[in-house]
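Residue numbering for the sequence shown follows my numbering, starting at 3 and increasing by one per position.
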Amino acid sequence: MIGSRPILHRGPAVDRAGGTVIGAVVLLTALAGVVAALLGLTTLLRLGRTITEVRPFLSGHQPSEHAVSRYHVRWYTITMIFLAFDMEMVFMYPWTLVVAQMGTPAVVEMFIFLAILVAGVWYAWREGALRWT
3 MIGSRPILHR
13 GPAVDRAGGT
23 VIGAVVLLTA
33 LAGVVAALLG
43 LTTLLRLGRT
53 ITEVRPFLSG
63 HQPSEHAVSR
73 YHVRWYTITM
83 IFLAFDMEMV
93 FMYPWTLVVA
103 QMGTPAVVEM
113 FIFLAILVAG
123 VWYAWREGAL
133 RWT
């Protein structure tokens, strides 16, 4: 203290906050630079000016149909069913680790979950989603 008035100085919190803001600005600027560089690189390396100028490689032959037209709509239904069962496995792996600790409530919850999935498969089967003809 000099005289009767205390000396005011910047505390470490102010310095850290200023450093954090400067660091964030530097990182955002670097990110913007990387994005701009990648966009410029893809512009320089692209094969044609528009998408219609670029033909898919098909052993030198001209394509006879549009690329998306080859996939039947049934594949999307099968994909949704696959994703449902894929999510089942995402929930079942951690469940196997805690089922011994949780006991009967964990087993009951898993059977309810599996019953909902079986009901979904039954509905898909009934609606003909699994039929290929």
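All C-beta atoms, glycine included, are put in the ideal place defined by N, C-alpha and C.
{"Asked": "What residue ranges within the stretch 68-111 form continuous alpha helix (DSSP H) runs of no fewer than 4 residues, ordered along the chain?", "Found": "76-104"}
{"Asked": "Considering only the beta carbon of each residue, do residue 93 and residue 115 sit closer than 8 Å?", "Found": "yes"}
{"Asked": "Would residue 109 pass as a contact of residue 101 if the rule is Cβ separation under 8 Å?", "Found": "yes"}
{"Asked": "Thinking just about the alpha-carbon of each residue, which of 39, 104, 80 is nearest to the one in residue 122?", "Found": "80"}
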